[in-house]
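A.B. asks: This is the structure I want to talk about, given as structure tokens.
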Amino acid sequence: MTKEKLIIFDTTMRDGEQSPGASMTKEEKLRIARQLERMRVDVIEAGFPAASDGDFDAVQAVAGIIRDSTVCGLARANELDIRRCGEAVRGAKSPRVHTFLATSPIHMEKKLRMEPSQVIEQAVRAVQQARGYTDNVEFSPEDAGRSDIDFLCRILERVIKAGATTINIPDTVGYTLPEHFGGLIRTLRERIPNSDKVIWSVHCHNDLGLAVANSLAAVLNGARQVECTVNGLGERAGNAALEEIVMAVRTRQDMFGCDTAIDTTQIVPASRLVSGITGFPVQPNKAIVGANAFAHEAGIHQDGVLKSRDTYEIMSAQDVGWNANRLVLGKHSGRNAFRQRLTDLGIQLESEEALNAAFKRFKDLADKKHEIFDEDLQALITEETSDQVESEHFRLVSLTAHSETGESPFAKIVVSENGKEKRSEAQGSGPVDASFKAIEGIAKSGAELLLYSVNAITTGTDAQGEVTVRLSKEGRIVNGQGADTDIVVASAKAYLNALNKLHSNATRVNPQV
Ligand code: KIV
Ligand code: ZN
């Protein structure tokens, strides 16, 4: 029996981007979009075009390069948002406009200050307007998980009549439980007379840790599109994790009457790419993509797996892309091999100069580290493109950090600020602390350090450390990244990268979604 298709709608670049500090540049979105296409994601939600000119440009650029996935933009149910969104996705081979309006009593009364009948009229108008740009229109009744079911039936029947082709049911605040949410999907499909004219979709948030469970309950009750994000990134506690949805449906084919088209071997590369770009590390025990997801510690387990893998493993690490792309380069690799590997990874640099600069960084790294893995290349490119985009107000020139038992650690730093070299030194509780204090001695940003984390990009003591620094200033939160085989240098680079982002005028305006 042929299985029905479960559409995977990725919103890493829209809802995922709404995580504090996760905002992405156009170049970063293009890299993620290429990886999502390679993974065979069906729909890529590339951003919120009305939010800012930068977001508009990014969605338009994604629409211009992606051929095999539908490219979608989000729009509030008003004329301006829909126009911006329609224009941004127009160049896509397969464009979609996704518009939404809140339907729960609390949102209608307190946020929208609108009567239910007005909400229906506005939603219908929005869908009709969106149909002027594309015949692929999605409507979401925001906060559906806390909406009245009779009202949902009324409004959804009307928006389907108006031309919506996908109805997405969001559990915006992550309030529902699997049985309740599955029942909601079943009831809507049964009670709405024209429900068979649309694809039913779900979009679950993880506030109670139930986003994946709720999405799967919906699939068991007839949903045929799931909205999700790589690594479960997203507003507050995040969205349903793409990798968990895909692997649950694939692994439990005995339970699901549908399957996805995802190339699962691209899951781990996608996870690494998103984590590197956003600076949100993946916890080691995270399902599917965590470093320990396939590690067996207990002797009994190790013994069992050696005898037969399926004693303790329900999926294979290779199937989800662990070790899939580990072809290595070394210090003798030439420019062509380097270029070819970038192409294989879906990375296209804008110009020959950018390629030359990246190749130089690669050679510098290869001098310090024997084998260069794909993860090293991704980190190197993330740094290279980030430096170009953030216009490098601050740039690390040199750093000396000293630590010795019984002595107070100190750091001396030379930073170029707008092309002018400045020096500073400071003591700290450790060499990283001392370096940050020395940088602050120059930058005087007054920003608050919210997070500092270090991850080894690959294995071995010669691995590069990838550092994330999250800074907050005047309500703005940014993540800076830096990578180097010396983690004090990586830390200083990450701190300066965050300062450059704070300094950049490209402030993203995130509307209240
Ligand atoms: O969580 C939510 O309700 C959303 C909608 C815009 C789908 O992100
Ligand atoms: Zn959401």
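Quick note: the numbering used here has the sequence shown finishing at residue 1692, numbered continuously throughout. Yeah, the Cβ is synthetic: ideal placement off N, Cα and C, and Gly gets one too.
#1: Note down, in chain order, each residue of its chain lying with its Cβ closer than 7 Å to the Cβ of Pro1199, except the 5 sequence neighbours on either side.
#2: State the Cα-Cα distance for the pair Ala1605 and Phe1589, rounded to the nearest angstrom.
#3: Check each candidate in Glu1414, Cys1407 and Ala1416 and name the one with the smallest Cα separation from Val1177.
#4: By the 10 Å Cβ neighbour count, where 16 or more other Cβ atoms means buried, how is Lys1205 classified, buried or exposed?
#5: CB Ala1156 to CB Ile1187, shorter than 9 Å?
#6: Give me the Cα-Cα distance between Tyr1631 and Thr1647, rounded to the nearest whole angstrom.
#7: Taking the alpha carbon of Gly1458 as the reference point, which residue from Thr1282, Asn1410, Asp1433 and Met1434 has its own alpha carbon closest?
#8: Would you mind sorting Ile1456 into buried or exposed? The rule is 16 or more other CB atoms within 10 Å of its CB.
#9: Regarding Glu1571 and the ligand KIV, is the C-beta to nearest heavy atom distance less than 8 Å?
#10: What's the gap between the Cα of Asn1400 and the Cα of Val1484?
#11: Going by beta-carbon coordinates alone, are Ala1201 and Leu1363 separated by less than 9 Å?
#12: What I want to know is whether the C-beta of Asp1322 ends up closer than 8 Å to one or more non-hydrogen atoms of the ligand KIV.
#13: Can you find the residues in the same chain that come closer than 6 Å, C-beta to C-beta, to Ala1685, ignoring five residues on each side of it along the sequence?
#14: 9 Å is my cut-off, CB to CB: does Ile1560 come that close to chain D?
#15: For my contact list, Ile1261 and Glu1216 are in at a C-beta cut-off of 8 Å; report their separation, rounded to the angstrom.
#16: For Lys1184 and Val1428, I'd like the C-alpha separation in whole angstroms.
#17: Under a Cβ-count criterion, where at least 16 other Cβ atoms within 10 Å of its own Cβ denotes burial, should Ile1328 be classed as buried or exposed?
#18: If you draw a straight line from the C-alpha of Asn1504 to the C-alpha of Ala1302, how long is it?
#19: Can you list the beta strand (DSSP E) stretches of 3 or more residues lying completely in the segment 1292-1331, in chain order?
#20: I'd like to confirm the pairing. Which residues does DSSP put opposite Val1276 in its beta bridges?
#21: I'd like the ranges of any alpha helix (DSSP H) spanning at least 4 consecutive residues and lying wholly in the segment 1340-1393.
#22: Please look up how many angstroms separate the CB atoms of Arg1255 and Ser1283, rounded, as I've assumed it's under 8 Å.
#23: Any idea if Asp1482 is buried or exposed, counting beta-carbon neighbours within 10 angstroms, 16 or more meaning buried?
#24: Give the DSSP-derived three-state secondary structure of Ile1636 in the structure shown.
#25: Give every residue of the same chain whose Cβ lies closer than 7 Å to the Cβ of Pro1295, excluding the five residues on either side of it in the sequence, and list them in chain order.
#26: Determine the closest residue to Val1222 out of Leu1253, Phe1235 and Ala1230, with distance taken between C-alpha atoms.
#27: Between the segment 1637-1645 and the segment 1429-1436, do three or more beta carbon pairs fall short of 8 Å?
#28: For Asn1393, does the count of other Cβ atoms within 10 angstroms reach 16, so buried, or fall short, so exposed?
#29: So, is Asp1189 buried or exposed, given that buried needs 16 or more other C-beta atoms within 10 angstroms?
#30: Any heavy atom of the ligand KIV closer than 8 Å to the Cβ of Asn1257?
#31: Whose C-beta lies closer than 7 Å to the C-beta of Ala1341 among residues of the same chain, with five residues either side of it excluded?
#32: Distance, Cα to Cα, Ser1651 vs Gln1214?
#33: With a threshold of 8 Å, establish whether the CB of Pro1349 neighbours any heavy atom of the ligand KIV.
#34: What is the DSSP secondary structure of Ser1670, reduced to helix, strand or coil?
#35: Does any heavy atom of the ligand ZN sit closer than 8 Å to the C-beta of Gly1661?
#36: Go to Ser1450, then tell me how far its alpha helix (DSSP H) extends in each direction, as first and last residue.
C.D. replies: In terms of the structure at hand:
#1: Ile1656
#2: 6 Å
#3: Beyond the ends of the chain as shown, which are 1180 and 1692, falls residue 1177; an answer cannot be given.
#4: buried
#5: In the structure displayed, the chain extends from 1180 to 1692; residue 1156 sits before or after that span and is not available.
#6: 6 Å
#7: Asn1410
#8: buried
#9: no
#10: 35 Å
#11: no
#12: yes
#13: Any answer about Ala1685 is weak, because its pLDDT of 43 lies below 50 and its placement is not dependable; what the coordinates show is given next. If we look at Ala1685 and ignore the five residues flanking it on each side, its Cβ neighbours are Gly1233.
#14: Absence of chain D from the displayed structure is noted, only one protein chain being present.
#15: Between Glu1216 and Ile1261 the Cβ distance is about 25 Å, and since that is not below 8 Å, they are no contact.
#16: 11 Å
#17: exposed
#18: Unreliable positioning characterises Asn1504 in this predicted model, as indicated by a pLDDT of 47, which lies under 50. A coordinate reading is not provided.
#19: 1316-1321
#20: Gly1252 and Val1316
#21: 1357-1370
#22: Wrong, their Cβ atoms sit about 16 Å apart, outside the cutoff.
#23: exposed
#24: coil
#25: Met1287 and Phe1330
#26: Leu1253
#27: no
#28: buried
#29: buried
#30: no
#31: Val1303, Val1306 and Gln1307
#32: 30 Å
#33: yes
#34: helix
#35: no
#36: Ile1446 to Thr1457
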